[in-house]
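Quick note, the sequences are listed as chains A and B, same order.
One point on numbering: in full-length UniProt numbering, the residue at position 158 of the first sequence is 158, and numbering is uninterrupted.
One point on numbering: in full-length UniProt numbering, the residue at position 838 of the second sequence is 838, and numbering is uninterrupted.
Even for Gly, the Cβ is constructed at its ideal location relative to N, Cα and C.
This one's a predicted model, so the numbers in the text were calculated from it and none came from an experiment.
Let me begin by presenting the structure, written as structure tokens, before commenting on it.
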Amino acid sequence: MESCPSIKNILLLDSEGNRVAVKYYSDEWPNNSVKEAFEKSLFSKTQKTNARTEAEIAMFESHIIVYKFVQDLHFFVTGAENENELILVTVLQGFFDAVGLLLRGTVDKKEALENLDLILLCLDEIVDGGIILETDANVIAGKVASHSIDAAAPLSEQTISQALATAREHLARSLLK
Amino acid sequence: MAQPLVKKDDDRDDEADYSPFLGIEKGAVLQEARVFNDPQLDPRRCSQVITKLLYLLNQGETFTKVEATEVFFAVTKLFQSKDIGLRRMVYVMIKELSPSADEVIIVTSSLMKDMTSKTDMYRANAIRVLCRITDGTLLTQIERYLKQAIVDKNPVVASAALVSGIHLLQTNPEIVKRWSNEVQEAVQSRAALVQFHALALLHQIRQNDRLAVNKLVSSLTKGSVRSPLAQCLLIRYTSQVIRESANNNQAGDRPFYDFLEGCLRHKAEMVIFEAARAITELNGVTSRELTPAITVLQLFLSSSKPVLRFAAVRTLNKVAMTHPMAVTNCNIDMESLITDQNRSIATLAITTLLKTGNESSVDRLMKQITNFMSDIADEFKIVVVEAIRSLCLKFPLKHRSLMNFLSNILREEGGFEYKKAIVDSIVILIRDIPEAKESGLLHLCEFIEDCEFTYLSTQILHFLGIEGPKTSDPSKYIRYIYNRVHLENATVRAGAVSTLAKFGAMVDTLKPRVFVLLRRCLFDNDDEVRDRATLYLNTLGGDGAVVETGEDVKEFLFGSLDIPLVNLENSLKNYEPSEEAFDINSVPKEVKTQPLAEKKAPGKKPTGLGAPPAGPPSTVDAYEKLLSSIPEFANFGKLFKSSAPVELTEAETEYAVNVVKHIFDGHVVFQYNCTNTIPEQLLENVTVIVDASEAEEFAEVASKPLRSLPYDSPGQTFVAFEKPEGVPAIGKFSNMLRFIVKEVDPSTGEAEDDGVEDEYQLEELEVVAADYMLKVGVSNFRNAWETMDADCERVDEYGLGPRESLAEAVNAVINLLGMQPCEGTEVVPNNSRSHTCLLSGVYIGNVKVLVRLQFGLDGPKDVAMKLAVRSEDEAVSDAIHEIVASG
Numbered sequence: 001m002e003s004c005p006s007i008k009n010i011l012l013l014d015s016e017g018n019r020v021a022v023k024y025y026s027d028e029w030p031n032n033s034v035k036e037a038f039e040k041s042l043f044s045k046t047q048k049t050n051a052r053t054e055a056e057i058a059m060f061e062s063h064i065i066v067y068k069f070v071q072d073l074h075f076f077v078t079g080a081e082n083e084n085e086l087i088l089v090t091v092l093q094g095f096f097d098a099v100g101l102l103l104r105g106t107v108d109k110k111e112a113l114e115n116l117d118l119i120l121l122c123l124d125e126i127v128d129g130g131i132i133l134e135t136d137a138n139v140i141a142g143k144v145a146s147h148s149i150d151a152a153a154p155l156s157e158q159t160i161s162q163a164l165a166t167a168r169e170h171l172a173r174s175l176l177k
Numbered sequence: 001m002a003q004p005l006v007k008k009d010d011d012r013d014d015e016a017d018y019s020p021f022l023g024i025e026k027g028a029v030l031q032e033a034r035v036f037n038d039p040q041l042d043p044r045r046c047s048q049v050i051t052k053l054l055y056l057l058n059q060g061e062t063f064t065k066v067e068a069t070e071v072f073f074a075v076t077k078l079f080q081s082k083d084i085g086l087r088r089m090v091y092v093m094i095k096e097l098s099p100s101a102d103e104v105i106i107v108t109s110s111l112m113k114d115m116t117s118k119t120d121m122y123r124a125n126a127i128r129v130l131c132r133i134t135d136g137t138l139l140t141q142i143e144r145y146l147k148q149a150i151v152d153k154n155p156v157v158a159s160a161a162l163v164s165g166i167h168l169l170q171t172n173p174e175i176v177k178r179w180s181n182e183v184q185e186a187v188q189s190r191a192a193l194v195q196f197h198a199l200a201l202l203h204q205i206r207q208n209d210r211l212a213v214n215k216l217v218s219s220l221t222k223g224s225v226r227s228p229l230a231q232c233l234l235i236r237y238t239s240q241v242i243r244e245s246a247n248n249n250q251a252g253d254r255p256f257y258d259f260l261e262g263c264l265r266h267k268a269e270m271v272i273f274e275a276a277r278a279i280t281e282l283n284g285v286t287s288r289e290l291t292p293a294i295t296v297l298q299l300f301l302s303s304s305k306p307v308l309r310f311a312a313v314r315t316l317n318k319v320a321m322t323h324p325m326a327v328t329n330c331n332i333d334m335e336s337l338i339t340d341q342n343r344s345i346a347t348l349a350i351t352t353l354l355k356t357g358n359e360s361s362v363d364r365l366m367k368q369i370t371n372f373m374s375d376i377a378d379e380f381k382i383v384v385v386e387a388i389r390s391l392c393l394k395f396p397l398k399h400r401s402l403m404n405f406l407s408n409i410l411r412e413e414g415g416f417e418y419k420k421a422i423v424d425s426i427v428i429l430i431r432d433i434p435e436a437k438e439s440g441l442l443h444l445c446e447f448i449e450d451c452e453f454t455y456l457s458t459q460i461l462h463f464l465g466i467e468g469p470k471t472s473d474p475s476k477y478i479r480y481i482y483n484r485v486h487l488e489n490a491t492v493r494a495g496a497v498s499t500l501a502k503f504g505a506m507v508d509t510l511k512p513r514v515f516v517l518l519r520r521c522l523f524d525n526d527d528e529v530r531d532r533a534t535l536y537l538n539t540l541g542g543d544g545a546v547v548e549t550g551e552d553v554k555e556f557l558f559g560s561l562d563i564p565l566v567n568l569e570n571s572l573k574n575y576e577p578s579e580e581a582f583d584i585n586s587v588p589k590e591v592k593t594q595p596l597a598e599k600k601a602p603g604k605k606p607t608g609l610g611a612p613p614a615g616p617p618s619t620v621d622a623y624e625k626l627l628s629s630i631p632e633f634a635n636f637g638k639l640f641k642s643s644a645p646v647e648l649t650e651a652e653t654e655y656a657v658n659v660v661k662h663i664f665d666g667h668v669v670f671q672y673n674c675t676n677t678i679p680e681q682l683l684e685n686v687t688v689i690v691d692a693s694e695a696e697e698f699a700e701v702a703s704k705p706l707r708s709l710p711y712d713s714p715g716q717t718f719v720a721f722e723k724p725e726g727v728p729a730i731g732k733f734s735n736m737l738r739f740i741v742k743e744v745d746p747s748t749g750e751a752e753d754d755g756v757e758d759e760y761q762l763e764e765l766e767v768v769a770a771d772y773m774l775k776v777g778v779s780n781f782r783n784a785w786e787t788m789d790a791d792c793e794r795v796d797e798y799g800l801g802p803r804e805s806l807a808e809a810v811n812a813v814i815n816l817l818g819m820q821p822c823e824g825t826e827v828v829p830n831n832s833r834s835h836t837c838l839l840s841g842v843y844i845g846n847v848k849v850l851v852r853l854q855f856g857l858d859g860p861k862d863v864a865m866k867l868a869v870r871s872e873d874e875a876v877s878d879a880i881h882e883i884v885a886s887g
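Printed below as a string of structure tokens:
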């Protein structure tokens with residue numbers, strides 16, 4: 001109880017329980033097959049619940065897991081049994097919103113895979129070795145996105161869709177402020 | 001970078017499973033990674049390749065050592081590029097590859113350059129990467145930069161350094177501890193998360209210094225901590241300080257309670273909840289202190305957010321275990337949660353209600369639960385069943401409706417664990433509430449009529465055999481039992497035959513009818529069933545006439561096997577077929593405890609039908625063999641008990657010695673296990689000189705020296721004492737290791753011829769009363785207790801004085817007596833004010849002893865204990881009291 005709140009893993013799965021991106025911070029899951037088994041059973045246990053409007057919560061194999069779904073993406077954050085549930089949900093919300101910002105609102109599996117680099121950087125900015133680094137979605141997205149647009153590439157080299165995306169992002173940012 | 005990794009196809013929208021990584025292959029990607037070596041780096045393409053590599057790792061693909069090294073070296077080339085995005089991916093990649101020490105050196109200089117760069121993002125990330133992959137030697141080189149980074153004005157850089165510090169503290173504490181001044185400064189930072197990370201690190205640096213933690217908490221609770229996360233940490237540290245200072249402040253207000261209460265009005269829910277939870281977990285919390293915390297939790301119960309409702313109801317559920325009255329105010333909110341979409345919340349709400357409910361509300365509650373049970377998973381149902389069981393024990397008058405509920409759910413669909421929980425509950429209720437016995441047994445009978453689990457059927461049949469004959473009309477169970485002989489598999493049929501025999505043995509009027517049924521079983525097509533039927537027909541004897549059954553037969557049928565099954569199994573395995581028949585009395589009775597396995601499954605007490613815990617193979621066999629092979633000790637008789645090894649030297653001394661105490665009826669043998677840890681020495685003629693002047697009843701009779709003790713190969717020397725037969729003599733022994741030491745040439749391994757006599761002082765050794773007690777469990781303590789003669793009961797009360805906690809007092813008494821805790825009663829629930837502990841054992845002279853300990857907190861820390869002992873011998877009961885009185 002005296003210890004610092006810690007995160008055991010963050011998972012982003014698709015609507016069939018397959019990995020989009022996962023990050024484990026605890027060695028309770030020693031190898032990949034154990035991890036996959038955990039993900040599968042967690043997925044089947046939570047799949048039928050409605051976690052689309054509000055984050056949901058479950059006790060699972062003596063972990064506390066908070067989760068939220070959008071489109072065909074399932075977001076999970078796992079913590080210890082005696083962890084403050086509200087801290088876990090803050091981390092989940094930070095991850096969830098930051099991904100929303102980075103994918104500019106179209107949050108689904110396809111977008112997530114196409115921008116996997118952003119998702120991975122996002123995970124890297126939220127938690128470091130189990131310790132919470134940042135929970136504010138704007139700050140997280142800001143840190144990831146500050147260099148997501150290739151500064152070195154001249155504008156002419158960008159495709160039309162990319163240019164549009166850049167414009168859209170600028171607009172979204174200014175609206176958020 | 002935001003661009004798709006694979007060129008978009010026009011028709012891809014039609015494919016449901018489109019993925020940019022479709023058909024990705026490790027070999028191909030590793031080939032692609034060669035672009036990292038291009039003299040003209042294309043940052044975007046390199047980023048894509050890194051993403052692909054990371055994708056593979058993320059999907060669980062592994063790289064061989066060679067592949068990983070190759071990728072690592074290629075990635076290090078990318079430091080040439082100035083592209084920020086690419087650099088970020090490089091950082092992530094290096095962390096994922098977790099390079100080996102000799103590889104780390106390659107990137108160290110690049111990372112150190114980034115660490116001192118002007119770009120904040122570089123500094124922060126380079127620190128995190130470098131600290132993740134570095135070892136102690138490198139750390140001293142970069143320490144200066146890290147200290148600077150901690151107080152960097154950019155919060156991201158400061159946080160990166162602080163978090164890295166937290167990780168490094170595990171591996172290099174002495175270095176990180178030098179940073180406390182900088183960390184202290186960072187605690188005052190205006191940036192929320194920097195404060196959080198600094199506080200976490202500062203506390204970890206000082207966690208062993210109680211005074212420093214106390215000071216930290218007092219200063220911070222006065223000031224303003226900005227970040228909610230840091231505030232949560234502070235609350236945790238504060239409750240730690242409260243817990244540790246509890247011993248000193250017996251009277252008056254609790255220090256820092258006001259701070260916790262103040263946090264209940266914080267604007268962040270996370271902090272409110274942390275504070276409420278901290279208050280409910282205070283040691284010996286009063287209802288006045290609880291009230292404000294319960295009030296905020298009650299508000300959370302009606303929140304629209306499931307996570308808040310869950311957090312609140314889970315905490316209230318825990319409070320209900322110790323302070324049910326404090327939670328009753330929330331009952332109305334709790335009842336509305338029974339229909340909550342989230343079944344975890346609903347289950348917690350129900351079990352809380354079951355704990356707080358009063359007698360009059362039971363029926364209403366049961367009605368609500370019946371609807372609820374049909375749509376939850378088995379794991380939740382088990383929790384509910386357990387809650388109902390404790391409710392029934394609390395309100396025995398309500399047994400009828402609760403028993404009905406249990407039998408109803410027993411008939412519904414469900415898996416084995418669930419059914420077992422129900423059956424266990426019914427069994428416990430039958431045992432503890434006499435009025436519930438007949439209806440409970442009938443429910444069980446009906447259940448086995450249609451039970452798909454062999455294990456449960458046989459367990460219930462066994463239980464029926466014990467309880468059934470004692471009821472008012474035993475004959476009505478016969479039909480149910482005999483039906484099993486017709487309809488079930490061989491295991492259940494055999495069980496049913498044994499049960500029938502028990503009815504025949506106990507109820508003389510039924511005997512002729514049972515005989516008829518047993519004779520029919522002689523034609524069964526299974527060996528075991530026929531054998532059992534034949535055996536019972538012969539043991540019951542009397543040709544089926546109405547005669548009384550002999551005591552021997554009853555003992556044979558009902559007597560419990562007082563030997564742990566594992567020990568029996570081992571002895572049978574070691575038994576070599578010979579003229580001499582296997583002697584069951586030679587099987588050691590000592591139960592070996594297995595604390596590890598039990599810790600893994602907290603709360604899983606052996607209840608109901610559960611078999612007594614099985615222990616790992618015993619070492620007693622090995623000791624017995626060893627001792628009987630030594631002629632001097634061969635005539636000491638049967639080994640009663642061997643203690644666990646007791647260390648007589650500090651760790652890492654020249655000679656490591658521990659002792660095992662072997663207790664015989666009239667002798668004690670000390671087995672000294674010695675290890676020589678000096679490679680340049682050979683010890684010869686090793687003995688232990690024992691001074692028994694503080695152990696008057698003991699007289700040394702023999703000693704067996706160890707001829708030679710080379711480096712690092714353990715050897716044993718023995719000393720034997722005579723003591724009055726069958727008497728639990730106790731005493732203190734001081735020990736001196738005496739030997740001849742010879743120098744050894746390490747290169748040749750040859751010892752010199754001449755040795756020097758030398759001595760080495762060992763620590764004292766005690767023979768205590770617990771050495772005369774065998775840990776022998778009983779499967780049903782209540783039955784065992786009642787069958788023991790009440791005349792041999794001795795009851796007295798003791799004050800144990802101030803103790804750390806109730807659990808500590810309970811453990812101390814258990815260790816003092818050296819007895820086996822029964823039915824999981826050695827576990828003391830948190831925050832409880834009283835506890836009953838059941839112990840059983842066999843005292844020297846083969847006297848069974850049962851002990852019932854009732855502990856209570858008397859005042860804030862004083863523990864009082866009532867000790868009731870029953871044994872087969874009054875003198876032994878008195879002896880147990882003497883042990884406690886003098887211990």
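request  = Could you tell me which residues DSSP pairs with residue 862 of chain B in its beta bridges?
outcome  = If you number the second sequence from 1, residue 862 of chain B lands on position 862. Paired residues: B:802, B:858.
key: Closer than 9 Å to chain A by CB, residue 283 of chain B   = Locating residue 283 of chain B in the second sequence gives position 283, where the first residue counts as 1. No, no contact with chain A.
request  = Check each candidate in B:261, B:382, B:726, B:741 and name the one with the smallest Cα separation from residue 706 of chain B.
outcome  = In the second sequence, residue 706 of chain B corresponds to position 706, counting from 1. Nearest C-alpha to residue 706 of chain B: B:741.
query = So, is the C-beta of residue 105 of chain A closer than 9 Å to a C-beta in chain B?
reply = Your numbering for residue 105 of chain A matches position 105 in the first sequence. No - not a single Cβ of chain B is within 9 Å of the one on residue 105 of chain A.
query = Does the separation of the CB atoms of residue 764 of chain B and residue 868 of chain B fall below 9 Å?
reply = The residue labelled residue 764 of chain B in the question sits at position 764 within the second sequence. The residue labelled residue 868 of chain B in the question sits at position 868 within the second sequence. Their beta carbons are not under 9 Å apart, which means residue 764 of chain B does not touch residue 868 of chain B by this criterion.
ask   = So which residues on chain A does residue 269 of chain B lean against when the C-beta distance must stay under 7 Å?
value = Your numbering for residue 269 of chain B matches position 269 in the second sequence. Within chain A, the residues near residue 269 of chain B are 86.
query = Going along chain B in order, which residues have a C-beta closer than 7 Å to the C-beta of residue 138 of chain A?
reply = Here residue 138 of chain A corresponds to residue number 138 of the first sequence, with the count starting at 1. Going along chain B, no residue has its Cβ under 7 Å from residue 138 of chain A, so there is no contact; the nearest lies around 13 Å.
inquiry  = Between which residues of its own chain and residue 441 of chain B is the CB-CB distance below 8 Å, once the five residues before and five after are set aside?
reply    = Counting from one through the second sequence, the residue named residue 441 of chain B turns up at place 441. For residue 441 of chain B, where only same-chain residues beyond five positions count, the Cβ hits under 8 Å are 430, 464, 467, 468, 471, 477.
Cβ neighbour criterion (16 or more within 10 Å) applied to residue 594 of chain B = Position 594 of the second sequence, counted from the start, is the residue given in the question as residue 594 of chain B. Because the pLDDT at residue 594 of chain B is just 41, under 50, the model does not fix this residue reliably, and the value given afterwards should be weighed accordingly. Exposed, since its Cβ has fewer than 16 Cβ neighbours within 10 Å.
key: Touch test, the segment 2-18 of chain A against the segment 34-43 of chain A, Cβ-Cβ under 8 Å, three pairs minimum   = yes
request  = Quick one: give me the first and last residue of the beta strand (DSSP E) that residue 369 of chain B is part of.
outcome  = Position 369 of the second sequence, counted from the first residue, corresponds to residue 369 of chain B. Residue 369 of chain B -> not in any beta strand (DSSP E); alpha helix (DSSP H) instead, spanning 362-373.
task = Please list the partners that residue 262 of chain B has in chain D, where partner means a Cβ-to-Cβ separation under 8 Å.
result = No chain D appears in this structure, whose protein chains are A and B.
query = Where do the N-terminal and C-terminal ends of the alpha helix (DSSP H) with residue 41 of chain A fall, by residue?
reply = By 1-based counting over the first sequence, the position of residue 41 of chain A is 41. Run containing residue 41 of chain A: 32-46, per the alpha helix (DSSP H) assignment.
message = Counting only Cβ pairs nearer than 7 Å, list the residues of chain A close to residue 311 of chain B.
response = By 1-based counting over the second sequence, the position of residue 311 of chain B is 311. Those within 7 Å of residue 311 of chain B in chain A are 85, 86.
ask   = Which residue's Cα is closest to the Cα of residue 799 of chain B: B:668, B:587, B:861?
value = The sequence position of residue 799 of chain B within the second sequence is 799, counting from 1. Nearest of B:668, B:587, B:861 to residue 799 of chain B, Cα basis: B:861.
query = Just curious, the alpha helix (DSSP H) that residue 58 of chain B is in, first and last residue?
reply = As a first step, residue 58 of chain B must be located in the second sequence, where it is residue number 58. From DSSP, the alpha helix (DSSP H) with residue 58 of chain B extends over 43-58.
Residue 769 of chain B and residue 883 of chain B closer than 9 Å at C-beta = On the second sequence, position 769 is the one that residue 769 of chain B refers to. On the second sequence, position 883 is the one that residue 883 of chain B refers to. Closer than 9 Å, so yes.
message = Could you tell me the alpha carbon to alpha carbon distance between residue 255 of chain B and residue 242 of chain B, rounded to whole angstroms?
response = The residue given as residue 255 of chain B occupies position 255 in the second sequence. The residue given as residue 242 of chain B occupies position 242 in the second sequence. Cα-Cα distance, rounded: 7 Å.
ask   = What in chain A is Cβ-close to residue 321 of chain B, meaning under 9 Å?
value = The residue you call residue 321 of chain B lines up with position 321 of the second sequence. Residues of chain A passing the Cβ test: none, with the nearest at roughly 15 Å.
ask   = Counting pairs of Cβ atoms below 8 Å between the segment 523-533 of chain B and the segment 485-498 of chain B, do you hit three or more?
value = yes
query = Taking the alpha-carbon positions, what's the residue 189 of chain B to residue 135 of chain A distance?
reply = Translated into the one-based positions of the second sequence, residue 189 of chain B becomes position 189. Translated into the one-based positions of the first sequence, residue 135 of chain A becomes position 135. If you take the alpha carbons of residue 189 of chain B and residue 135 of chain A, they lie about 18 Å apart.
query = If you follow the beta strand (DSSP E) that residue 792 of chain B is part of, which residue opens it and which one closes it?
reply = Counted from its first residue, the second sequence places residue 792 of chain B at position 792. Note, residue 792 of chain B: premise wrong, no beta strand (DSSP E); not H, not E.
key: Nearest-angstrom beta carbon gap, residue 86 of chain A and residue 88 of chain B [assumed within contact, 8 Å]   = Taking the first residue of the second sequence as 1, we reach residue 88 of chain B at position 88. Taking the first residue of the first sequence as 1, we reach residue 86 of chain A at position 86. With a Cβ gap of about 30 Å, residue 88 of chain B and residue 86 of chain A do not count as contacting.
message = Rounded to whole angstroms, what is the Cα-Cα separation between residue 290 of chain B and residue 312 of chain B?
response = Here residue 290 of chain B refers to the residue found at position 290 of the second sequence. Here residue 312 of chain B refers to the residue found at position 312 of the second sequence. Taking the straight line from one Cα to the other gives about 14 Å.
query = Is DSSP giving residue 76 of chain A helix, strand or coil here?
reply = To locate residue 76 of chain A, count along the first sequence from 1; it is residue 76. If DSSP states are grouped into helix, strand and coil, residue 76 of chain A belongs with the strands.
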